[in-house]
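Taking the UniProt record's numbering, the leading residue of the sequence shown gets 1, the next gets one more, and so forth. Written below as structure tokens is the structure these notes are about.
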Amino acid sequence: MADQELEQAVSRALEDAPERNFRETVDLAVNLRDLDLNEPSNRVDESVVLPSGTGQETRIVVIAEGETGLRAEDVADDVLDGDDLADLGDDDDAAKDLAEETDFFIAEESRMQDVGRYLGTILGPRGKMPEPLSPDDDVVEVVNRMKNTVQIRSGDRRTFHTRVGAEDMGAEEIADNIDVILRRLHADLEKGPLNLDSVYVKTTMGPSVEVA
1 MADQELEQAV
11 SRALEDAPER
21 NFRETVDLAV
31 NLRDLDLNEP
41 SNRVDESVVL
51 PSGTGQETRI
61 VVIAEGETGL
71 RAEDVADDVL
81 DGDDLADLGD
91 DDDAAKDLAE
101 ETDFFIAEES
111 RMQDVGRYLG
121 TILGPRGKMP
131 EPLSPDDDVV
141 EVVNRMKNTV
151 QIRSGDRRTF
161 HTRVGAEDMG
171 AEEIADNIDV
181 ILRRLHADLE
191 KGPLNLDSVY
201 VKTTMGPSVE
211 VA
């Protein structure tokens with residue numbers, strides 16, 4: 001659970017945001033320090049499940065066949081089979097559009113080789129290679145978990161952003177989401193909190209408020 005200081009910072013960011021005619025997201029900006037980000041092992045690349053959800057629609061595509069594919073149709077935005085993969089492999093524009101429109105891909109382990117063959121050059125550089133689905137995994141549970149997941153990825157840049165909610169969520173909910181992300185960063189970074197230079201929260205068009 002987030003501390004009161006973090007929750008107050010989120011409240012201030014929400015209150016200070018000017019009214020817009022669209023529903024704004026709430027984003028976290030993280031500034032790193034004392035890390036050589038040219039070294040891939042130092043880069044942040046994590047999927048984090050937010051306890052209060054993202055507050056936004058998360059588009060998920062499942063690559064599966066048979067019973068798994070049928071069950072996925074009830075919860076995923078789209079389900080692709082082997083023939084669909086082959087078609088995308090022959091159409092770079094369609095594959096790129098799919099990659100840009102989709103937040104997360106999930107694929108049966110038996111399909112991962114085909115995914116690499118047909119879509120690896122499209123999904124790989126975008127950090128969107130699928131989450132493997134083992135025969136023991138429940139595709140419905142995995143999709144529902146991924147709907148509350150965000151990707152935190154720095155690449156070789158000192159500053160990166162991630163979604164932590166929406167403006168109509170409560171400050172406490174958003175603060176809990178931020179707390180989970182900060183805890184993950186503290187655990188993963190080489191020097192923990194010492195590798196965080198500063199962290200800010202803001203709505204899409206609103207002013208930034210420092211939270212760490």
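No residue lacks a Cβ here, since even glycine has one placed at the ideal position from N, Cα and C.
As computed with DSSP, Thr203 is found in a beta bridge with Val26. Secondary structure at Ser198: strand, using DSSP grouped into helix, strand and coil. Collapsing the DSSP output to three states places Ala107 in a strand. For Phe104 against Thr149, the beta-carbon gap comes to about 7 Å, under 8 Å, which counts as contact. Separation of Lys191 and Pro51 (C-alpha to C-alpha, rounded to the nearest whole angstrom) is 25 Å. Taking the C-beta atoms as reference points, Leu28 is found no nearer than 8 Å to Asp197. Selection Arg183, Val49, Asp137 and Val211 evaluated against Gly69 yields Asp137 as nearest (Cα-Cα).
Between the beta-carbon of Thr203 and that of Glu167 there is about 5 Å, and that keeps the pair under the 8 Å contact cut. Per DSSP, Glu46 is one residue of the beta strand (DSSP E) stretching across Asp45 to Val49. Taking the Cα positions, Ala107 is about 22 Å away from Thr54.
Assignment of beta-bridge partners to Asn148 by DSSP yields no partner.
Selection Ala99, Val44, Ala13 and Val26 evaluated against Asn195 yields Val44 as nearest (Cα-Cα).
Between Ser11 and Ala187, the C-beta spacing is not below 8 Å. Non-local C-beta neighbours of Met129 in its own chain, meaning closer than 6 Å and more than five positions away in sequence, comprise Leu123, ordered along the chain.
One alpha carbon belongs to Gln151, the other to Asp90, and they sit about 28 Å apart.
Of all alpha-carbon atoms in Val201, Asp78 and Phe160, the one lying nearest the alpha-carbon of Asn177 is that of Val201. Rounded to whole angstroms, the separation of the alpha carbons of Arg23 and Ala17 is 12 Å. Following the DSSP letters along the chain, one finds Thr54 in no alpha helix (DSSP H), marked with neither H nor E. Contact between Met112 and Glu131 fails: their C-beta atoms lie close to 10 Å from each other, not under 8 Å.
Taken through DSSP and simplified to helix, strand or coil, Asn177 comes out as helix.
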